[in-house]
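Peer 1: From first to last, the protein sequence lines are chains F and Y.
Going by full-length UniProt numbering, the first sequence opens with residue 1, and the numbers climb by one from there.
Going by full-length UniProt numbering, the second sequence opens with residue 1, and the numbers climb by one from there.
Quick one: the structure is below, questions incoming.
Number of protein chains: 2
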Amino acid sequence: MIMDSTDKKLLELLQKDAKMTTKALALTLNLSVTAVYERIKKLEREGIITKYVALLNRNTIQKGFVVFCHIKLIQHAKEYLTTFEREVGKLTEVLECFHVSGDYDYILKICVKDMEAYREFMVTKLTTLQHIGSTHSTFMIGEVKNSTAFVL
Amino acid sequence: MIMDSTDKKLLELLQKDAKMTTKALALTLNLSVTAVYERIKKLEREGIITKYVALLNRNTIQKGFVVFCHIKLIQHAKEYLTTFEREVGKLTEVLECFHVSGDYDYILKICVKDMEAYREFMVTKLTTLQHIGSTHSTFMIGEVKNSTAFVL
DNA sequence: ATTATTTTATTATTTAATTAGAATAAAAAT
DNA sequence: ATTTTTATTCTAATTAAATAATAAAATAAT
Numbered sequence: 001m002i003m004d005s006t007d008k009k010l011l012e013l014l015q016k017d018a019k020m021t022t023k024a025l026a027l028t029l030n031l032s033v034t035a036v037y038e039r040i041k042k043l044e045r046e047g048i049i050t051k052y053v054a055l056l057n058r059n060t061i062q063k064g065f066v067v068f069c070h071i072k073l074i075q076h077a078k079e080y081l082t083t084f085e086r087e088v089g090k091l092t093e094v095l096e097c098f099h100v101s102g103d104y105d106y107i108l109k110i111c112v113k114d115m116e117a118y119r120e121f122m123v124t125k126l127t128t129l130q131h132i133g134s135t136h137s138t139f140m141i142g143e144v145k146n147s148t149a150f151v152l
Numbered sequence: 001m002i003m004d005s006t007d008k009k010l011l012e013l014l015q016k017d018a019k020m021t022t023k024a025l026a027l028t029l030n031l032s033v034t035a036v037y038e039r040i041k042k043l044e045r046e047g048i049i050t051k052y053v054a055l056l057n058r059n060t061i062q063k064g065f066v067v068f069c070h071i072k073l074i075q076h077a078k079e080y081l082t083t084f085e086r087e088v089g090k091l092t093e094v095l096e097c098f099h100v101s102g103d104y105d106y107i108l109k110i111c112v113k114d115m116e117a118y119r120e121f122m123v124t125k126l127t128t129l130q131h132i133g134s135t136h137s138t139f140m141i142g143e144v145k146n147s148t149a150f151v152l
């Protein structure tokens, strides 16, 4: 889809605050309410905007302990990959899982309460997954930037 | 704050779809509209819900090339860390940056159009930052799971 | 230049968010 | 045990926003 600078500005605004009213958006974009409304509907139809979500503060819900876990599989047969991916997708502590190139096969982002909860997770869940070769845990000690908003 | 199971269910619903009307929420939670409304306002006041945002599909906006970049600084004086963090925060291609324990000091998630754009980013932006010791790029080849929603 | 297509604006309608006030229930104090 | 306070819920009314319908303007295609 061909996006003009108004569409981009609109997306940047909605990525920051999805609760902005079309009226407020119209005002900052110098358009009418309907014009904004139609543009948003189009961006949704085209699959550019995928969803609207509430973001929570990890620390207030006992999920402040963040770990990046690098995982290597024992083998790389397609069946091994898909089995692992299906199983890891079910683990609620794993918020993100990316298949990557390089020294490791997967990078996981895991959010739990504390180190004890992480130990429990490792022992009872992660390391019981099939086909896992090795894991390497890296602990977050500070959050410099954590944005869901792309700059267009 | 003490959250009951209704608060948790409410948060899970809003994390999935922030556009659900209070009426629809009230229906699924077996509460009145006002009760739901008041609970949401409280969760916002308490800083548990931090914001509502639109999520975009990377691939439709020329940001489908995702790289995890592991960075080591040359030294770890506080001034070096803060300078680096301030500068990296300004880079629009860097969506996330975490200070971590272990072999590297920082893990960055970078989203750009393609490898050429990444090369350009590395040469003109990332590697020009002060105090950088080494970088190690890991390329995303598949997205298994990428959620912003905590399971409570 | 003329027609077709898309985008925008105005107005009307529907739907949802918010507020007000009363009722209920839980917690703290006497 | 009983009153008082506090918090949470409900129903109903109000305010505000989203959506739809229609008309006008702008853009692209012939």
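Every residue, glycine too, gets a C-beta built ideally from N, C-alpha and C.
Looking at the structure shown, is A54 of chain F part of a helix, part of a strand, or coil, going by DSSP?
Peer 2: Numbered from its first residue, the first sequence carries residue 54 of chain F at position 54. Residue state, collapsed to three classes: strand.
Peer 1: Of the residues Y:L31, Y:T83, Y:K42, which one's Cα is nearest the Cα of Q130 of chain Y?
Peer 2: Start at 1 with the first residue of the second sequence, and residue 130 of chain Y comes out as number 130. Taking only the C-alpha atoms, the option nearest Q130 of chain Y is Y:T83.
Peer 1: Under three-state DSSP, which class holds V112 of chain F?
Peer 2: The residue given as residue 112 of chain F occupies position 112 in the first sequence. Strand, per DSSP.
Peer 1: Using the C-alpha atoms, what's the distance from V112 of chain F back to Y118 of chain F?
Peer 2: Here residue 118 of chain F corresponds to residue number 118 of the first sequence, with the count starting at 1. Here residue 112 of chain F corresponds to residue number 112 of the first sequence, with the count starting at 1. Their Cα atoms are separated by approximately 6 Å.
Peer 1: Does the beta carbon of C97 of chain F come closer than 8 Å to any beta carbon on chain Y?
Peer 2: Residue numbering aside, residue 97 of chain F sits at position 97 when the first sequence is read from its first letter. Answer yes: the Cβ-Cβ gap between C97 of chain F and chain Y drops below 8 Å somewhere.
Peer 1: Taking 7 Å as the limit between beta carbons, can you name the residues of its chain near H99 of chain F, skipping five residues before and five after?
Peer 2: Taking the first sequence and counting its residues from 1, the one referred to as residue 99 of chain F is at position 99. Around H99 of chain F: D105, Y106.
Peer 1: Quick one: Cα of K72 of chain Y to Cα of E79 of chain F, how far?
Peer 2: Locating residue 72 of chain Y in the second sequence gives position 72, counting from the first residue. Locating residue 79 of chain F in the first sequence gives position 79, counting from the first residue. The alpha-carbon atoms of K72 of chain Y and E79 of chain F are separated by roughly 36 Å.
Peer 1: Hey, would you say L11 of chain Y sits closer than 8 Å to L56 of chain F, going by beta carbons?
Peer 2: Locating residue 11 of chain Y in the second sequence gives position 11, where the first residue counts as 1. Locating residue 56 of chain F in the first sequence gives position 56, where the first residue counts as 1. It is a contact, given that the beta carbons lie within the stated cut-off.
Peer 1: Does DSSP put M20 of chain F in a helix, a strand or coil?
Peer 2: Along the first sequence, one-based indexing puts residue 20 of chain F at 20. Correct three-state label for M20 of chain F: coil.
Peer 1: Can you give me the C-alpha to C-alpha distance between V36 of chain F and E46 of chain F, rounded to a whole angstrom?
Peer 2: If you number the first sequence from 1, residue 36 of chain F lands on position 36. If you number the first sequence from 1, residue 46 of chain F lands on position 46. Approximately 15 Å, taken between the alpha carbons.
Peer 1: If you drop the 5 nearest sequence neighbours on each side, which residues of the same chain put their C-beta closer than 8 Å to that of D7 of chain Y?
Peer 2: Taking the first residue of the second sequence as 1, we reach residue 7 of chain Y at position 7. Same-chain partners within the cutoff: R39, L43.
Peer 1: Would you list the one or two residues that DSSP bridges to S134 of chain F?
Peer 2: Counting from 1 along the first sequence, the entry for residue 134 of chain F is found at position 134. F:K72, per the DSSP bridge assignment.
Peer 1: Need the endpoints of the alpha helix (DSSP H) that V33 of chain F sits in, please.
Peer 2: Stepping through the first sequence from its first residue, residue 33 of chain F is reached at position 33. Per DSSP, V33 of chain F belongs to the alpha helix (DSSP H) from 33–45.
Peer 1: Rank Y:G133, Y:A18, Y:I61 by C-alpha distance to the C-alpha of I2 of chain F and give the top, closest one.
Peer 2: Here the question's residue 2 of chain F lines up with position 2 in the first sequence. Cα-wise, what sits closest to I2 of chain F is Y:I61.
Peer 1: Note down the Cα distance separating N59 of chain Y from F68 of chain Y, rounded to an integer number of angstroms.
Peer 2: Numbered from 1 along the second sequence, position 59 holds the residue referred to as residue 59 of chain Y. Numbered from 1 along the second sequence, position 68 holds the residue referred to as residue 68 of chain Y. Going from the Cα of N59 of chain Y to the Cα of F68 of chain Y covers about 17 Å.
Peer 1: Under 6 Å Cβ to Cβ from Q15 of chain F, same chain only, skipping five residues before and after it: list those, please.
Peer 2: As a first step, residue 15 of chain F is located in the first sequence; it is residue number 15 there, counting from the start. Answer for Q15 of chain F: A149, listed in chain order.
Peer 1: Just how far apart, CA to CA, sit H70 of chain F and T28 of chain F?
Peer 2: In the first sequence, residue 70 of chain F corresponds to position 70, counting from 1. In the first sequence, residue 28 of chain F corresponds to position 28, counting from 1. In a straight line, the C-alpha of H70 of chain F is about 44 Å away from that of T28 of chain F.
Peer 1: For L56 of chain Y and chain F, any beta-carbon pair shorter than 8 Å?
Peer 2: Taking the second sequence and counting its residues from 1, one reaches residue 56 of chain Y at position 56. It does; some Cβ of chain F falls within 8 Å.
Peer 1: Just the Cα atoms here: how many angstroms apart are K9 of chain F and N30 of chain F?
Peer 2: Along the first sequence, one-based indexing puts residue 9 of chain F at 9. Along the first sequence, one-based indexing puts residue 30 of chain F at 30. Whole-angstrom Cα-Cα distance: 11 Å.
Peer 1: Which of the three DSSP states is assigned to K90 of chain Y in this structure?
Peer 2: Taking the second sequence and counting its residues from 1, one reaches residue 90 of chain Y at position 90. If DSSP states are grouped into helix, strand and coil, K90 of chain Y belongs with coil.
Peer 1: Which of helix, strand or coil does DSSP assign to L25 of chain F?
Peer 2: On the first sequence, position 25 is the one that residue 25 of chain F refers to. In this structure, L25 of chain F counts as helix in the three-state DSSP scheme.
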